[in-house]
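Read the structure below first, then the notes.
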Amino acid sequence: MKPLINKNRVYLLLLMVLACSKDDNKTETPKELAECGLIELGAPSVFPTDKLFLNGIDESLKEKLTAEFWYHDAFTGVSMPVETDENDKSFIMAPVHPELPLEGGELQVVFKNATGTVICDPKALTISELPKAEGYTNKVISSFQNLLKQRTDFLNIDQAMLAGDLDNIDPKDVPFVMLYNLLNNEDAEFALIPFLNNDIVLTDESVDKATSIDITNRLLNKYGVLDYLNQSIKDFEAENGTNASGKSNKTNESAGCYNLDAEDLVDQMRSAANTEYSDPNTITGKYFNDLSKAAAAVGIIPQAATAATIVGAIVWAIQKIEEGYSKTRLSHFTEFEFSLLNNDFLEEKACPEPILTAVVYAASQDWSIDKTIWESLMQASSFISTPAGKNIVEEIGFGAVSTFTSTQLSNLANLGNWEDGILKVPAIECGPINVLNSKYLKGKTQGSAFEVDYTDIGGIEVYPINTGADVVELSLRTDVFYGQTISDSQELNLTPVEIKWTHPTTNPYIVTPGDPVDLQLELKNTISFDIDLATPPEVGVIYGDNYSEAPNQNFTILTPVDESKYPFTVTAEFISFECFRGTKYAKPITAEIIINNSKINVYTNDDTCFQVGDYKEFNVNVTGDDKEVVWSAKNESGQTVGINQEGGFTAPNTDGKYYITAALKSNSEIFDTIEVEVVGSCTCYWNFSGGSYAMSYNQAWYSTQGDLTTGSLQLNLHNDFDVIGDEEMIINMYTSFLPEEGETKITTGTNDDDIASNLITVRGLNFPGQSAVIGPTGNYSVTLKWKNQYLEGTITGTLQKSTLEGDSEIPFTLKFGANEGLLSCDN
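According to our numbering, the sequence shown is numbered sequentially starting from -6.
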């Protein structure tokens, strides 16, 4: 009886899995069958784990067939699904001979459909003997140890830290703990080296340990696993400058985040980007895929269960060391920033500006090992979809847990690396890493003010080509960092030089020929103040003491007497060749002022009250030979209103100030403007209401020389001035009640009964019924608006009414509009 592992739940469960792929009725002989159609084996003889193509399978049966293997007319208990490859060709994986696992022999292949019905006569197949490869598995394990040591030494991982209780393991070392334990951990449930050196087998159906290792030797040799490992060691040495033991030949070795430079970052991202081991479309990925399928095909043979376990563990370990090395390397950028000495420039300071700093932060992936060995082994083959395969995935934990002791698992859990059967590997972030070199960076600008340039020694500069704002963006080169990039941007601004004439403030400036003109020039955003002043030959210039030395410069222009020399232009040009000002991109910077002897005067001969809807003619006097003008008009808000080109203006419906302008047609900068006031009404009126009285008449005038006091304001309101005894009102107020021209004023106060001593008096005579009213008494309010000698207002208060029947008080409101002067508004 061969020794069994009975303490290990992993291998006891494996017995259940293997049983799922067997049929209890091994002596059943296939019944009489219908024609098999065109199904034929692609070859009469194959080696174990060869891909055996099947020809002639109907499309309706593809992926619905199962192949059973019979020996001497008895079912061996071994079956597998028929699969299709990437070219839609049907195949099965040739198994190890169920009864003769070493020497092989003949088998019969029986095909059944999805319902378990045999659809074809048995097909003869010979399983050939694999070449012997004594000691091959031990060589593979030895080479794998070298591979693991090479990777861990390169990463400065002490393998002694991978053993023991793992109570102080570095997070970056976690991916290699399982691999080390899978090889060496004698205290765990399973480790390859101890398992190879004892005589334990997995099930009582397995062949003896020596035969299992013999099968393993032959399978690993068939796929050249030793050659793969040795080549991987050589490739790593050539790529990373290490010898076979993993010792780095680099003078500045960096592991983790220590002493990283840009080249180290490139190397790490190259390693992180290498996922060929898991990509079935690559040569390496296809190799592992084929090897996984082969191990799966071996795993369904009870006699080869031990060999399949060893092969599966080795395949899983090789993939995981590649994955562990790749995923612990920095794989993506998390932050990037760069800086310049200046971001805001003046034209004379805007020289090519180098990028001062450029640093990046990068991180590895946060990942976990949560797949069992059998799952990762079989996921690439259709065996995982069979009942046996599903049972392996769901019920057998042959993976992380089986390679650790309980103490190790407890310590990993305390460190946050073990949770619910998952080995977790935290990401690490490194930085800042200096990447200031055009080899690693590329730049661009978003606008048209700056451009990016690269120096011969790897520097990066931004240089100005125009004034204004811009944004420069730098990013990591994807072609260098294996598809990874990140960017940062900086705002730039090139402030333009400004020069302008600040005196005189009008341009063109009108002068009397021969009179001197004082000019002042202002410079902004400059370092220097050099100015070139250009005038016609007949114009003289006296330069001020601060010429070309200060931001404000004074000049005196001696204008010509000859009127034919007008108009002329005085041009100031800023002269500098510093930085941007000395490049081909710099544009001339000038300020011009026109001196002319032409003059325009706008006037009107109609000074009467101008009310809404009235029409008024405006005239213009123009000195000089050019007489043709263009008329325009605007309101107080600057909005254009209508005026005809003869100067005729109809007052708009809104009262207020309006501005009438005449400008030379040949030069709109030579103009004159007159202000006019439009009032709501020029008509005189007065309306009285109070007590039983309601009167409305249109004879009203006022005077500032009334009879109350010298300089008093008096209003005279009549019914019919020419009729003796007409109804009239006389109001006297102090001139303090009168507002400024164009304004409105409200005055309130309180009168006493001594009317003669009050600031305002209101007398109403000859009211209907021979009544008279006088006041106001008590509180009163006066509102006056005064425009263009037209006075408009409202008075409220209380009056005394005197009649034959006696006196009484009446509240009143008086509204009026009046022109100045006797009978000036006798409507």
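Just so you know, even glycine gets a beta-carbon here, dropped at the ideal spot from N, CA and C.
{"Item": "Check whether the Cβ of residue 718 lies closer than 8 Å to any Cβ atom in chain D.", "Value": "No chain D appears in this structure, which consists of one protein chain only."}
{"Item": "Would you tell me roughly how many angstroms separate the C-alpha atoms of residue 16 and residue 34, rounded to the nearest one?", "Value": "Confidence at residue 16 is low in this model, with a pLDDT of 44, below 50, so the placement of that residue is unreliable and no value is reported for it."}
{"Item": "Using CA atoms only, rank isn't needed, just tell me which of 98, 444 and 708 is closest to residue 487.", "Value": "444"}
{"Item": "Which same chain residues end up closer than 7 Å to residue 107 when comparing Cβ atoms and leaving out the 5 residues on each side of it in sequence?", "Value": "57"}
{"Item": "Alpha carbon to alpha carbon, how far is residue 183 from residue 390? Give it in angstroms, no decimals.", "Value": "At residue 390 the pLDDT is 45, less than 50, meaning the model places this residue with poor confidence and gives no usable figure here."}
{"Item": "Taking contact to mean at least 3 C-beta pairs separated by less than 8 Å, is the segment 776 to 789 in contact with the segment 801 to 816?", "Value": "yes"}
{"Item": "Residue 778 lies in the alpha helix (DSSP H); which residues open and close that run?", "Value": "Per DSSP, residue 778 belongs to no alpha helix (DSSP H); it is in the beta strand (DSSP E), 771 to 780."}
{"Item": "Taking the alpha carbon of residue 721 as the point to measure from, which residue in 761, 728 and 750 has its own alpha carbon closest?", "Value": "761"}
{"Item": "Expressed to the nearest angstrom, what Euclidean distance is found between the alpha-carbon atoms of residue 687 and residue 757?", "Value": "13 Å"}
{"Item": "In the DSSP assignment, the alpha helix (DSSP H) including residue 170 goes from what residue to what residue?", "Value": "167 to 177"}
{"Item": "What does the alpha-carbon distance come out to for the pair residue 105 and residue 59?", "Value": "5 Å"}
{"Item": "Which same chain residues, not among the five before or five after residue 502, have their C-beta less than 8 Å away from its C-beta?", "Value": "510, 586, 587, 588 and 589"}
{"Item": "So, helix, strand or coil for residue 286, using DSSP?", "Value": "helix"}
{"Item": "What do you reckon, are the CB atoms on residue 483 and residue 336 nearer than 8 Å?", "Value": "yes"}
{"Item": "Quick check: what's the CA-CA separation for residue 166 versus residue 213?", "Value": "29 Å"}
{"Item": "Tell me which residues share the same chain as residue 43 and place their Cβ nearer than 6 Å to its Cβ, disregarding the 5 neighbours each side in the sequence.", "Value": "87"}
{"Item": "To the nearest angstrom, report how far apart residue 681 and residue 668 are at their CA atoms.", "Value": "35 Å"}
{"Item": "Are residue 172 and residue 310 touching if we call contact CB-CB under 8 Å?", "Value": "yes"}
{"Item": "Spatial neighbours of residue 340 within its chain, please: C-beta separation below 6 Å, excluding the five flanking residues on both sides.", "Value": "490, 573 and 574"}
{"Item": "Please report the distance separating the alpha-carbon of residue 145 from that of residue 420.", "Value": "18 Å"}
{"Item": "Is it buried or exposed for residue 321, if we count other Cβ within 10 angstroms and need 16 for buried?", "Value": "buried"}
{"Item": "Under 8 Å, do residue 181 and residue 174 count as touching if we go by C-beta distance?", "Value": "yes"}
{"Item": "Assign residue 459 to one of three DSSP states: helix, strand, or coil.", "Value": "coil"}
{"Item": "Using a threshold of 8 Å, state whether the C-beta atoms of residue 651 and residue 634 are closer than that.", "Value": "yes"}
{"Item": "State buried or exposed for residue 326, treating a residue as buried only when at least 16 other CB atoms are found within 10 Å of its CB.", "Value": "buried"}
{"Item": "Does DSSP classify residue 181 as helix, strand or coil?", "Value": "coil"}
{"Item": "Only counting runs of 4 or more residues, tell me where the alpha helix (DSSP H) segments fall wholly within the segment 545 to 625, in order along the chain.", "Value": "none"}
{"Item": "At 3 residues or longer, what runs of the beta strand (DSSP E) sit wholly inside the segment 662 to 730?", "Value": "664 to 671, 678 to 683, 686 to 690, 692 to 696, 706 to 711 and 721 to 726"}
{"Item": "Let me make sure I understand the geometry here. Which of 506, 531, 569 and 564 has the alpha-carbon closest to that of residue 520?", "Value": "569"}
{"Item": "Using DSSP bridges, identify the partner residues of residue 46.", "Value": "84"}
{"Item": "May I ask which residues mark the beginning and end of the beta strand (DSSP E) holding residue 333?", "Value": "325 to 333"}
{"Item": "Skipping 5 residues on each side, what residues in its chain have a beta carbon closer than 7 Å to that of residue 92?", "Value": "64 and 69"}
{"Item": "Identify whether residue 150 lies in helix, strand or coil by the three-state DSSP scheme.", "Value": "coil"}
{"Item": "In chain order, what residues of the same chain lie with their CB nearer than 8 Å to the CB of residue 226, ignoring the 5 residues before and after it?", "Value": "136, 139, 140, 143 and 237"}
{"Item": "State the start and end residues of the unbroken beta strand (DSSP E) segment that holds residue 649.", "Value": "649 to 657"}
{"Item": "Using DSSP with H/G/I as helix, E/B as strand and the rest coil, what is residue 521?", "Value": "coil"}
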